[in-house]
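With the working numbering as the guide, the letters of the sequence shown map in order to residues 310 to 562. For each residue, glycine too, the CB sits at the ideal point set by N, CA and C. Since the structure comes first, as structure tokens, the remarks are kept for the end.
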Amino acid sequence: MDLSAFSLAGQTIMVTGANTGIGQGIALSIGQAGGRVIGVGRSSMDETTELMQAVDAPFVAVQADLGDSAASQSMLDATWAEHGPIDGLVNNAGIIRRADAIDFTEADWDAVMDVNLKSMFFLCQAFGRQALAAERGGRIVNVASMLSFQGGIRVASYTASKSGVLGITRLLANEWAARGINVNAIAPGYIETNNTEALRADPERSAAILGRIPAGRWGVPSDIGDAAVFLLSRASNYMHGATIAVDGGWLAR
Numbered sequence: 310m311d312l313s314a315f316s317l318a319g320q321t322i323m324v325t326g327a328n329t330g331i332g333q334g335i336a337l338s339i340g341q342a343g344g345r346v347i348g349v350g351r352s353s354m355d356e357t358t359e360l361m362q363a364v365d366a367p368f369v370a371v372q373a374d375l376g377d378s379a380a381s382q383s384m385l386d387a388t389w390a391e392h393g394p395i396d397g398l399v400n401n402a403g404i405i406r407r408a409d410a411i412d413f414t415e416a417d418w419d420a421v422m423d424v425n426l427k428s429m430f431f432l433c434q435a436f437g438r439q440a441l442a443a444e445r446g447g448r449i450v451n452v453a454s455m456l457s458f459q460g461g462i463r464v465a466s467y468t469a470s471k472s473g474v475l476g477i478t479r480l481l482a483n484e485w486a487a488r489g490i491n492v493n494a495i496a497p498g499y500i501e502t503n504n505t506e507a508l509r510a511d512p513e514r515s516a517a518i519l520g521r522i523p524a525g526r527w528g529v530p531s532d533i534g535d536a537a538v539f540l541l542s543r544a545s546n547y548m549h550g551a552t553i554a555v556d557g558g559w560l561a562r
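Right, here's the structure in full:
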């Protein structure tokens, strides 16, 4: 039976930071498209487990500290051995630290870069090694940001890391496209998650943000999840090194 080009039936996808927010939305969209999700993170994924069960989608929770790149690589290798092969990797986990550039600490720089860029790259490397050795190809979707394109304020390490995500996505596509691994990224706009709750609760700030979004609304996690399904499916077979903005038109303004 021919499956839709957007189907993930029979696919196993690892999603980092799947416990809440965008990562949880990505996991749910993958499950609804027929895929099995391996959710990775430090925090409990009980809520995601329940949501996946509600849509009758298989879900495996894996605990890992993604601030440690060596541990991240070992986790992927061990998970591939136990639950694999893994068809796709979504690097969604990320953290942010805020301070004026003149006061920004080395600790806040390193913490963000370790999770958002260093572990992201080495997870890609571990996935690539496994997929290439198995000669089976695969899909990588990295989660970038509006700050992959813009400077932002008071988030020096976050901006640097997300600019790096865009660059590494292109580099890996250049190296692996001809070898059957598609590497692309999604740059989310303003999404309704725990991370943006304070912004949405501030009437002036929320109005200013909405005033710039042509779509006239905040995004929801499924907006990002459905874009991830596209990049993980054969519908995007000829896409390599792209970073898709899913932002309600924010960057077009």
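Applying the 10 Å Cβ sphere with the 16-neighbour rule, what's the burial state of residue i?
i	result
Pro530	buried
Asn425	buried
Val364	exposed
Ser383	exposed
Asp374	exposed
Gly446	exposed
Leu456	buried
Ser454	buried
Ile500	buried
Trp559	buried
What distance in whole Å lies between the Cβ atoms of residue j and residue i, which are believed to be in contact at a cut-off of 8 Å?
i	j	result
Val492	Leu481	4 Å
Ser428	Gly376	7 Å
Leu519	Gly525	7 Å
Ala336	Gly348	6 Å
Leu540	Ile322	Not quite, the Cβ-Cβ distance comes to about 11 Å (not below 8 Å), so this is no contact.
Leu398	Ile331	So it is not a contact: roughly 15 Å between Cβ atoms.
Ala544	Ala314	4 Å
Ser338	Gly534	3 Å
Quick check: what's the CA-CA separation for residue i versus residue j?
i	j	result
Ala370	Gly393	14 Å
Cys291	Pro523	Any answer about residue 291 is impossible in this case: the structure gives the chain only from 310 up to 562.
Ala272	Ile495	The requested residue 272 does not occur in the structure, where the chain is confined to residues 310 to 562.
Ala561	Thr552	15 Å
Met422	Phe431	12 Å
Gly489	Asn451	17 Å
Arg438	Ala366	28 Å
Gly473	Gly461	15 Å
Ser381	Ala420	15 Å
Glu484	Met548	14 Å
Ala379	Leu385	10 Å
Gly334	Gly498	14 Å
Leu512	Met354	Note that residue 512 is Pro in the sequence shown here, rather than Leu. Each residue's Cα considered, the two are about 31 Å apart.
Arg509	Arg521	14 Å
Ala487	Val555	27 Å
Gln362	Glu356	10 Å
Arg407	Ala435	30 Å
Met310	Glu506	Unreliable placement is indicated for Met310, whose pLDDT of 48 sits below 50; the coordinate value is still reported in the next sentence. Approximately 44 Å, taken between the alpha carbons.
Gln615	Thr468	The requested residue 615 is not part of the displayed model; the chain covers only 310 to 562.
Asp396	Ser515	38 Å
The stretch 436 to 449 contacting the stretch 408 to 418, beta-carbon criterion three pairs below 8 Å: no
Uninterrupted beta strand (DSSP E) stretches inside the stretch 518 to 548 (no shorter than 3 residues): none
Stretch pair the stretch 388 to 404 + the stretch 319 to 338: three plus CB contacts closer than 8 Å: yes
Touch test, the stretch 342 to 349 against the stretch 313 to 322, Cβ-Cβ under 8 Å, three pairs minimum: yes
Contiguous alpha helix (DSSP H) assignments of at least 4 residues, all confined to the stretch 355 to 402: 355 to 363 and 378 to 392
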